[in-house]
Amino acid sequence: MKDAALALQRYINDISDKPKFRSRKNSKISFYVNYERLKHTVNSFRGEKLGFVKTATALPKIPKGKKYVNPRISFDGKHLYLSVSYEVEPTKVELTGESLGIDLGVKELAVVSNHDASRTKVYKNINKSYKVRRLEKKLERASRKLEANTKSYAKNCRPILKRPLRECRNIQKQHKAIKLLYKKLTDIRNNYLHQTTTEIVKIKLSQIVMEDLNVKGMIKNKHLAESIAKQKLYEFKRQIQYKAEMYGIKFVEVDRFYASSKTCSLCGHIKKDLKLSERTYICPICGAKLDRDLNAAINLANYKKA
Ligand SMILES: [Zn+2]
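Every number in my numbering is 1152 more than the matching position in the sequence shown, counting from 1.
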């Protein structure tokens, strides 16, 4: 309530934008914990007004005299999490001096390559895996069931139950089941993203080049837009960016006018009439024949700021 009044005051004083309505029903439950009182013990922590709370793993150790910053407790529908930040010394790593290009896509999550394609790796689209597809089917069925239940209730002229719909046990149960399925899916997707980005950064090349995401995000095809949203390409970029910074790797974003997929990675010829359906790049000048995404990744690795 206090926050809402403050936001309104800021809007009136022309400091910030119009406050947005945020429903409590759909937002993630989380709250701030007083960091000065946060003490960690062996397998638990002590928080203000919370007392001792047991944790699944011990809290990370920090040097004496330092404190955890910005501790938050959040709930994702199944587990409670305590997240803290603290300062760490940056890790010194030896970099190889090479440049790495990443081509993001719809068919595959990412094709990674350096300038002579000796470090090529294709990261598959997790949403095409059996595990995710099965869960999505399950989710579809669960939502259909909920819809059927609520619809029949509304249509019934003589309701069997006199209480409101949200108090019905079966509806509540169904809502919870759907929430858990969503959680499972997001967990799988996030985990895969983290594994992928960490693996890419751990190759330890000196530079990572990526395409401006607007190029791919702007596609006005409904189905493509949905699969792009599921791939979380923006989250991918964010993770690559901060993980690269951790290792001291330079992160370069190429603007949309750089023709990464139309250029031949061998001779530099630009094929202007390249269609989206052409999965293999065949150069009309030098006759090079290679996968479209790999060609783009190599071009990105070769990118030098003009
Ligand atoms: Zn060529």
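Even for Gly, the Cβ is constructed at its ideal location relative to N, Cα and C.
L1426 has its CB no nearer than 7 Å to any heavy atom of ligand 1. Its chain contains K1382 as the residues whose beta carbon lies nearer than 6 Å to that of N1279, once the 5 sequence neighbours on both sides are disregarded; these appear in chain order.
In the DSSP assignment, T1338 falls within the unbroken alpha helix (DSSP H) covering 1321-1353.
For I1181, the secondary structure class from DSSP, reduced to helix, strand or coil, is strand. If you check the CB distance, V1194 and A1208 do not come in under 8 Å. With the criterion CB distance below 6 Å from any heavy atom of ligand 1, the matching residues run C1416, L1418, C1419, H1421, C1435, I1437, C1438, A1440 along the chain. Annotation: E1378 is outside any beta strand (DSSP E); the continuous alpha helix (DSSP H) that includes it extends over 1374-1383. Between the alpha carbons of H1231 and S1358 lies a distance of about 39 Å. In this structure, R1224 and S1182 form a Cβ contact; the two beta carbons are roughly 6 Å apart against a cut-off of 8 Å. Judged by pairs of C-beta atoms under 8 Å, the region 1332-1339 touches the region 1282-1295, as three or more such pairs exist.
An exposed status is given to C1419, since fewer than 16 other beta-carbon atoms sit within 10 Å of its beta-carbon. Straight through space, the alpha carbons of V1236 and R1390 are spaced by roughly 19 Å. For R1285, the closest alpha carbon among the candidates S1379, L1446, S1175 is that of S1379. A contact is defined here as three or more CB-CB pairs under 8 Å, and the region 1261-1268 fails this definition with respect to the region 1395-1403. Scanning its chain for C-beta atoms nearer than 7 Å, with the 5 sequence neighbours on each side dropped, one finds around D1407 the residues D1364, in chain order. Residue pairing by DSSP puts F1227 in a beta bridge opposite I1181, L1232. I1450 and G1253 do touch by the CB rule: their CB atoms are close to 6 Å apart, below 8 Å.
Within the region 1191-1215, the runs of beta strand (DSSP E) that reach at least 3 residues and sit entirely inside it are, in chain order, 1196-1199, 1203-1206. In this structure, R1271 sits near I1355, with a CB-CB distance shorter than 8 Å.
Judged by DSSP in its simplified three-state form, N1186 adopts coil rather than helix or strand.
Across the set L1376, R1341, E1239, T1243, the C-alpha of L1376 shows the shortest separation from the C-alpha of G1257.
In the same chain as H1192, and ignoring 5 residues on each side of it, the C-beta atoms closer than 6 Å to its own belong to L1211, in chain order.
Taken through DSSP and simplified to helix, strand or coil, T1243 comes out as coil.
In the displayed model, D1268 falls within coil according to three-state DSSP, outside both helix and strand. D1445: member of the alpha helix (DSSP H) spanning 1444-1454, first to last residue.
When DSSP states are grouped into helix, strand and coil, T1302 belongs to the helix group. Across the structure, A1159 and L1442 are spaced so that their CA atoms are roughly 55 Å apart.
Judged by DSSP in its simplified three-state form, I1164 adopts helix.
The beta carbon of R1198 lies closer than 6 Å to those of K1191, F1204 in the same chain, with the five residues before and after it left out. Under DSSP, F1388 takes part in no beta bridge, so it has no partner.
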